[in-house]
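In our numbering, the protein residues as written are 82 to 397.
Even for Gly, the Cβ is constructed at its ideal location relative to N, Cα and C.
No experiment lies behind these values; they were computed from the predicted model shown.
The structure appears right after this line, and notes come after that.
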């Protein structure tokens, strides 16, 4: 890399985070001034149409801090699209794909990330060794990401999140992926560049509660499986084949028993009803699986913009 001043871009999505944005800006600013003074900072805040004072606070800070850049969406497009739109707008030599405004992922690790990047790693990712959250949600996340790492064709560490610093080469590779439902944490590993993980503790929120509702988390999780795994469709094929095979064996057995007078027809009615309900349920389930893939294709071919922006600030 050249001796010119290198720029580090940081992407922070936000929605109704008036209690956190000022602390986030100040914490990152102090960190760069103290530990990364030779790097230029570009801190992009992607606002998902907040209804509180989040945007007003950011605008006020942006007046005196040119490193603070703001993208304001016309409505709430969800955290995945909102964050990825900010990533597409980044201009740094390296990009921190996601820094939560409540600083649950510790910004203190950024200097270590930068050090690994300077040593030649194109992807430096955080590994959530511990999580400061409830047992149920922690266990559910752990189960999902281990399942995802087994199902996907991408070599993916299950404890890695979007808290990743990527080189410009990775950033450019990501921009070439025209995905209507971006799932960033796997997109980076799909690119195939050198990577290294750094363990840390994912902290509890300081202010308020998560804006990421359960329905949104379910949608994001389903999107990860649909986008990076063909396992559900293959499972449908295998289950269908297995059920058909068992049904044939069962039919042959019933036929043989009937030939030897061992079957009383009226007695088979409950079995028939149970079988109809079972096979009907299996069919409906896998029609739903296929429907999710068809919906993903439909969303892709519609060619909608990632988000619709109301305004940008400090991007000139």
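Environment of residue i [buried if 16+ CB atoms lie within 10 Å]
{"i": "residue 168", "result": "buried"}
{"i": "residue 155", "result": "exposed"}
{"i": "residue 264", "result": "buried"}
{"i": "residue 181", "result": "buried"}
{"i": "residue 101", "result": "buried"}
{"i": "residue 189", "result": "exposed"}
{"i": "residue 241", "result": "buried"}
{"i": "residue 201", "result": "exposed"}
{"i": "residue 94", "result": "buried"}
{"i": "residue 207", "result": "buried"}
{"i": "residue 285", "result": "exposed"}
{"i": "residue 231", "result": "exposed"}
{"i": "residue 137", "result": "exposed"}
{"i": "residue 209", "result": "buried"}
{"i": "residue 173", "result": "buried"}
{"i": "residue 203", "result": "buried"}
{"i": "residue 139", "result": "buried"}
{"i": "residue 266", "result": "buried"}
{"i": "residue 245", "result": "buried"}
{"i": "residue 199", "result": "exposed"}
{"i": "residue 152", "result": "buried"}
{"i": "residue 229", "result": "buried"}
{"i": "residue 185", "result": "buried"}
{"i": "residue 160", "result": "buried"}
{"i": "residue 256", "result": "exposed"}
{"i": "residue 327", "result": "exposed"}
Where the alpha helix (DSSP H) containing residue i begins and where it ends
{"i": "residue 256", "result": "249–256"}
DSSP-derived helix/strand/coil call for residue i
{"i": "residue 391", "result": "strand"}
{"i": "residue 90", "result": "strand"}
{"i": "residue 100", "result": "coil"}
{"i": "residue 273", "result": "coil"}
{"i": "residue 261", "result": "coil"}
{"i": "residue 150", "result": "strand"}
{"i": "residue 246", "result": "strand"}
{"i": "residue 136", "result": "helix"}
{"i": "residue 143", "result": "helix"}
{"i": "residue 85", "result": "coil"}
{"i": "residue 397", "result": "coil"}
Endpoints, the beta strand (DSSP E) within which residue i is located
{"i": "residue 276", "result": "276–283"}
{"i": "residue 126", "result": "120–128"}
Completely contained alpha helix (DSSP H) runs for the segment 190–220, where each covers 4 or more residues | With a minimum length of 4 residues, the continuous alpha helix (DSSP H) runs that stay inside the segment 190–220 are 191–199.
Is it true that the segment 84–97 meets the segment 106–125, where meeting means three or more beta-carbon pairs spaced less than 8 Å apart?
-> In short, these stretches touch, since the Cβ pair count reaches three.
Taking contact to mean at least 3 C-beta pairs separated by less than 8 Å, is the segment 121–136 in contact with the segment 145–162?
-> The answer is yes - the segment 145–162 touches the segment 121–136, with three or more Cβ pairs under 8 Å.
4 or more residues per run - each alpha helix (DSSP H) lying fully within the segment 155–194 | When DSSP assignments are scanned along the segment 155–194, the uninterrupted stretches of alpha helix (DSSP H) that are 4 or more residues long and fall wholly within it turn out to be 160–170.
Inspect the CB distances between the segment 323–334 and the segment 269–285 and report whether three or more fall short of 8 Å.
-> In short, these stretches do not touch, since the Cβ pair count stays below three.
Counting Cβ pairs closer than 8 Å, one from the segment 359–366 and one from the segment 129–144, do we hit at least three?
-> Counting Cβ pairs under 8 Å, fewer than three are found: no touch.
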